[in-house]
Amino acid sequence: MTFSFKTHDIQFSSFLFLFLIFCYSCSQDSSIQSNLPAGVKVLDDRLKLEVVVEDPEIVTPIGIAIDDKDRVFVLESHTHTPPKDYAGPKGDVIKVFEDSNGDGKLDKMTVFAEGIQEGMNLTFSPEGHLHLITSREVWVFYDKDGDGVSEESKKLMGLSKPESVYPHAALLSITFSPDGWMYIGRGNTGGGHWIFEGSDGSNVSGYGDGGNIIRTKWDGSEVEVFSTGYWNPFDLKFDNYGRLMVADNDPDSRGPNRLVHAVQGSNFGYQSLFGGSGMHPYLAWNGELPGTLPIAVPLGEAPSGLLNANHAALPKDYHDQMLCTIWEESTIVRIRMKEKGLSVIGNSEVIVEGGNEFRPVAFATDSKGNVYFTDWVIREYPNHGRGKIWRLSTKENIGLLQRQEIYKEAISFEWGEKTKKILQSSFEELKNSLQSDDPYEKHVAVMALSQMKKEIEIASKNLDADIRLGALLAAKNSGEKGLEFLAGGFLSDPDPKIRKMALIWIGSAQMTEMKDKLEKVLTLGEVSNTLIETYLETVKLVQPDFVQAYRNQSSPSSKTLIRELPKNFVSDIVRDEKRPKNIRVFALRYLEDLPAFKELLLSFLGKEIESEIRIQTILALQNLPDGSVATKLLEISLDSTNHESIRSEALSVLSRQPLEDWESIIKLLDDREENVRIEAARYLRSKISQPIVREAFEQKINKSASTDAFQQQLILGLEQKIPYRSAINESEKWQNLLSGNGNLERGRRVFYSNTSLCSTCHAMEGFGGDLGPDLSNVGQSKDRNQLVSSILYPSVEMSPEWQGWFIKMADGTHHQGRQIDVGNIDIKLYTQSKGFITVKKQEVEDYGMIRNSLMPEGLEQFLSDQDIRDLIAFLSKN
2 MTFSFKTHDI
12 QFSSFLFLFL
22 IFCYSCSQDS
32 SIQSNLPAGV
42 KVLDDRLKLE
52 VVVEDPEIVT
62 PIGIAIDDKD
72 RVFVLESHTH
82 TPPKDYAGPK
92 GDVIKVFEDS
102 NGDGKLDKMT
112 VFAEGIQEGM
122 NLTFSPEGHL
132 HLITSREVWV
142 FYDKDGDGVS
152 EESKKLMGLS
162 KPESVYPHAA
172 LLSITFSPDG
182 WMYIGRGNTG
192 GGHWIFEGSD
202 GSNVSGYGDG
212 GNIIRTKWDG
222 SEVEVFSTGY
232 WNPFDLKFDN
242 YGRLMVADND
252 PDSRGPNRLV
262 HAVQGSNFGY
272 QSLFGGSGMH
282 PYLAWNGELP
292 GTLPIAVPLG
302 EAPSGLLNAN
312 HAALPKDYHD
322 QMLCTIWEES
332 TIVRIRMKEK
342 GLSVIGNSEV
352 IVEGGNEFRP
362 VAFATDSKGN
372 VYFTDWVIRE
382 YPNHGRGKIW
392 RLSTKENIGL
402 LQRQEIYKEA
412 ISFEWGEKTK
422 KILQSSFEEL
432 KNSLQSDDPY
442 EKHVAVMALS
452 QMKKEIEIAS
462 KNLDADIRLG
472 ALLAAKNSGE
482 KGLEFLAGGF
492 LSDPDPKIRK
502 MALIWIGSAQ
512 MTEMKDKLEK
522 VLTLGEVSNT
532 LIETYLETVK
542 LVQPDFVQAY
552 RNQSSPSSKT
562 LIRELPKNFV
572 SDIVRDEKRP
582 KNIRVFALRY
592 LEDLPAFKEL
602 LLSFLGKEIE
612 SEIRIQTILA
622 LQNLPDGSVA
632 TKLLEISLDS
642 TNHESIRSEA
652 LSVLSRQPLE
662 DWESIIKLLD
672 DREENVRIEA
682 ARYLRSKISQ
692 PIVREAFEQK
702 INKSASTDAF
712 QQQLILGLEQ
722 KIPYRSAINE
732 SEKWQNLLSG
742 NGNLERGRRV
752 FYSNTSLCST
762 CHAMEGFGGD
772 LGPDLSNVGQ
782 SKDRNQLVSS
792 ILYPSVEMSP
802 EWQGWFIKMA
812 DGTHHQGRQI
822 DVGNIDIKLY
832 TQSKGFITVK
842 KQEVEDYGMI
852 RNSLMPEGLE
862 QFLSDQDIRD
872 LIAFLSKN
């Protein structure tokens, strides 16, 4: 994709244009606010904040950069999924704001360049040239006469594939190091095949990998992948010691968002081949897998911009810290870091917070150390006509840190010096580093060992598991076909971690010749559910049909490639009574065709079968509505000699079954087990219109015990609400009401129940819908308070990728869903009931965003207090 730039010099235009500039200057004088807008607070009382430009002078601003004359260059977006009736320009604009008379106010504006498509960010190179990164390309601009208008622009490099991609999953961020390199953050391109081409014809590519940090020379030559395993790296900046810090957004279920320390050859664990949830045994998010590196600092939702605090005139205690904008949470945080081994760890603290109309994006600093940042203002993703530029500075008489001007003082590359010693180590010295507790030291040692073919073979036989694991990772990273024979030996390693990584090596390299040897990992030593899951996924990856499809790039998006197990593969495992119980139990989740194995599953429900297998079988049967299944589950529920957990699970799954003899459940309202009574009442709530059920509820109800879990189920059945809830409208009061412990097992039943409707749109642990994000690891990214708030107020914080859309057809039909794709002829929309639907644009009367979340409000009204406590326990896994 190419675009042309138009330039305008408004300094020497007509009288009308001069008049407009005068009006603009006056409006700016009145718009700079000493009192902050509603909802915006500065939490560090040594700092001050003011709006210096706002709409209509600036709208939907994103990238920002400041030159050595303190002119503020801002990328104004007009091509970010604009609504169909958008009145703005057809291309993005770079505007320049400056203080023409030295009074501290930005009173003059020039259009530097326009006609840009899907602009993302701006920065100045060490040579003083403005660089623009769009979703697909990197451009450099030249302003030879210094008048604030570009006379010349040149495309340096960019993506030649894919032909189209969502902007926030493509090229995102850019920075320079003073030693001659340019670093570019590339998103995961939706799993599509990508090729990035440099100015000299060099290129890098991928298919199904994660996002990358790509490195090139300043002129765009010598392209290479520097680091990989990202979701969408929105910004990257160097700290004072030469560490490249990257702010990366998170997949659906692998929170939190993260600040990571990128080093050469590093892998941070995400691959788009395995889907958008981030939940797959080949994936890591916080260094969970050997060979991947951990989070340095956890961040809030949608970090967008980074700033080295030492480039600003901030209080002394900001020394060696970073600032980060957290777009979704309407905050700016300061990030404290301290050394840990060869890297850093740290934490963040909010220093600026705003309300719903504060969405900070990107940072820049001027020569005085003032911090400027752009503000998208509202959380609507499409261009909307709002915008602000803010200035953050330190109040007078506050001691300031020793400021460093960007590119004027050389960065101290201490990390590089430390790693040189390891890279130059002997094999014996490397073995010590492979045994280190520091994942960064291990990473460098593996890089060094990967160049020593003979020593890798020696290390693979070492008695120490850490050294054997290092040998495996070095062999994998080397790409040497001649070392792949080692993978077969590692499958029998006594260490389960090594056996799992052997599977991942075999699957990643698609070693089809190993497919008959894979089962060795299950025949000795400790076997876990995670190891079994990795085993099954590896079997899929070495099937000839998948290998051929992957190598031929048969699908535009790698994550849609079909990965299947051989026929009856899982059922043979489940049937095999010689296998250990835990292997058979876990395999139940992966049965290929439930109706075909109904009789087998029913045979696992007998009392002579272990409880764990019976419970897992019941959970599997929730996806098999059938009369004989319902009859068996009812029999289990009514039999008091069964354990209460088995009876409760059977009752819970019965709500999804076609049960005729449901009236027999009424007597369970008197059961001695509380959980059985609760599940019986929950089931019967759907039958409350039946006089026999209403009478039974009325006989059992005791309103003086209205906070009892069982009693609340009865109240919800009879009154459809908890009476005292109507007066609760504040989050803090809800938190107090819901304080107390929940039960994880009961919470699972709530999640999959027909009363909560959670699993209609969300998945947990492989079961559920996909209209909303997978929640399997949501407890890692949200604390208890956030989980409660997301249930009570689903529209307050919606991740933009889950934005709802509607289509109104000319015949009055309505559709709603997410992930809309508007073409010239058709509109595609992902819906809950039908997946992707395609409609003809000429038959559409209207379409647009749904203002509120697709998750309806008020779902808590169908749940008891204890239901919500239990659901929170399940979501947070405690």
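Start counting the sequence shown at 2; every next residue gets the next number (this note's numbering). Note that CB positions come from ideal geometry on N, CA and C, so glycine has one too. All figures in this text were calculated on a predicted structure; none of them were measured in a lab.
Enclosing beta strand (DSSP E) for residue i [first to last residue]
i	result
Ser154	Glu153 to Lys162
Trp1	Nothing can be reported for residue 1, as the shown portion of the chain is limited to 2 through 879.
Gly64	Pro62 to Ile67
Ile808	Gly805 to Met810
Gly306	Pro304 to Asn309
Asp376	Val372 to Asp376
Ala88	Element bounds for Ala88: n/a, residue is neither H nor E.
Thr395	Lys389 to Thr395
Ala285	First-last for Ala285: undefined, no H or E at that position.
Thr176	Leu172 to Ser178
Ile1	Residue 1 lies beyond the stretch modelled for the chain, which goes from 2 to 879, so this question has no answer here.
Lys369	Unbroken run through Lys369: none, as it is neither H nor E.
Terminal residues of the alpha helix (DSSP H) in which residue i lies
i	result
Tyr684	Glu675 to Leu685
Met502	Pro497 to Ser509
Lys599	Lys599 to Ser604
Lys443	Pro440 to Leu450
Glu720	Ala710 to Glu720
Pro469	Correcting the residue identity first, residue 469 is Arg in this sequence and not Pro. Start and end: Ala466 to Ser479.
Val166	From DSSP, Val166 is part of no alpha helix (DSSP H); its letter is neither H nor E.
Arg576	Phe570 to Arg576
Arg747	Leu745 to Phe752
Beta-bridge pairing of residue i - partner residues as DSSP gives them
i	result
Leu131	Phe125 and Phe142
Arg337	Asn348
Phe74	Ala66 and Val97
Pro316	Leu401
Met246	Lys238 and His262
Gly120	Thr135
Beta-carbon proximity of residue i to residue j, cut-off 8 Å
i	j	result
Ile533	Lys582	no
Glu650	Ile693	no
Ala248	Phe235	yes
Gly199	Tyr231	no
Met765	Leu776	yes
Lys560	Phe807	no
Asn204	Phe197	yes
Val141	Leu157	yes
Pro83	Glu115	no
Val334	Ile352	yes
Gly743	Arg870	yes
Lys633	Leu669	no
Arg72	Glu99	yes
Val789	Gln736	yes
Arg678	Phe711	yes
Gly356	Thr332	no
Leu1	Ala449	Here the chain has residues from 2 to 879 only, and residue 1 is not among them.
Ile175	Ile134	yes
Ser434	Lys443	yes
Ile63	Met121	yes
Ile59	Val41	no
Asp201	Ser222	yes
Asn384	His79	yes
CB contact check: residue i to chain D, cutoff 8 Å
i	result
Asn122	In summary, chain D is missing from the structure at hand, where a single protein chain is found.
Pick out the complete alpha helix (DSSP H) segments inside the segment 526–555, 4 residues or longer, and give them in chain order.
Runs found: 530–542 and 545–552.
What runs of the beta strand (DSSP E), each 3 residues or longer, lie entirely inside the segment 813–876?
Whole beta strand (DSSP E) segments, 3+ residues: 815–823, 827–832, 836–841 and 845–850.
Okay, do the segment 303–311 and the segment 493–502 touch, 3+ Cβ pairs below 8 Å being the bar?
no
Enumerate, from N- to C-terminal direction, the unbroken beta strand (DSSP E) stretches of 3 or more residues contained entirely within the segment 606–658.
none
When you compare the segment 362–369 with the segment 36–50, are there three or more beta-carbon pairs, one atom per stretch, that lie closer than 8 Å?
no
Indicate whether the contact test is met: 3 or more Cβ pairs, each with one atom in the segment 270–287 and one in the segment 481–490, closer than 8 Å.
no
If we count Cβ pairs, one from each stretch, closer than 8 Å, do we get three or more for the segment 694–704 versus the segment 718–725?
Counting Cβ pairs under 8 Å, three or more are found: they touch.
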